[in-house]
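Position 48 of the sequence shown, counted from 1, bears residue number 49 in this note's numbering, the numbering being contiguous throughout. Before any comments, here is the structure.
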Amino acid sequence: MDAAPTVRSLTYDAVRMLFNKANAALGANWTLHDLRHSAAKRMVRDPNLTLSDVQWVLGHAHITTTEIYTAPTPDEVITRVLAHHERQRAELAKPPAPPAPGYRPEVLTTLFGAATTGGDTQ
Numbered sequence: 002m003d004a005a006p007t008v009r010s011l012t013y014d015a016v017r018m019l020f021n022k023a024n025a026a027l028g029a030n031w032t033l034h035d036l037r038h039s040a041a042k043r044m045v046r047d048p049n050l051t052l053s054d055v056q057w058v059l060g061h062a063h064i065t066t067t068e069i070y071t072a073p074t075p076d077e078v079i080t081r082v083l084a085h086h087e088r089q090r091a092e093l094a095k096p097p098a099p100p101a102p103g104y105r106p107e108v109l110t111t112l113f114g115a116a117t118t119g120g121d122t123q
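Quick look at the structure:
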């Protein structure tokens, strides 16, 4: 009868050796610290985790160290800015609200021009 294989946690050096072999095969330069950064960025973007949760997991003494991972990617910024411009265009396309009742049209025309009074005042 064969004995069951012994299961042990990998040591840092063993995992580093695996990374070195994978990097050599792929022509890459990944490190264990790169995995830590990736995990931190994913945790920061998880709406169910607070920044202090991530700070605790990473073992940071100061929350400002953890805040580094809140920096958006260029793609995220571009997406949000494009959405902002679209909202601005949609807002400008809306007709202006009519003036409140009680204002004299000729006064509004003098102050703001004919477009704000709803058209012709004569």
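Even glycine gets a Cβ: it sits at the ideal position worked out from N, Cα and C. Owing to the predicted nature of the structure, the values given are computational and were not obtained by experimental measurement.
For the 7 Å CB-CB criterion, residue 112 and residue 100 do not form a contact. Taking a contact to require three or more Cβ pairs closer than 8 Å, the region 63-76 and the region 41-54 qualify as touching.
In this chain, the alpha helix (DSSP H) harbouring residue 13 covers 13-27.
The C-alpha of residue 20 lies about 11 Å from the C-alpha of residue 34. Of 3, 36, 6, the smallest CA-CA separation from residue 16 is found for 36. In terms of Cβ geometry, residue 41 and residue 59 form a close pair [threshold 7 Å].
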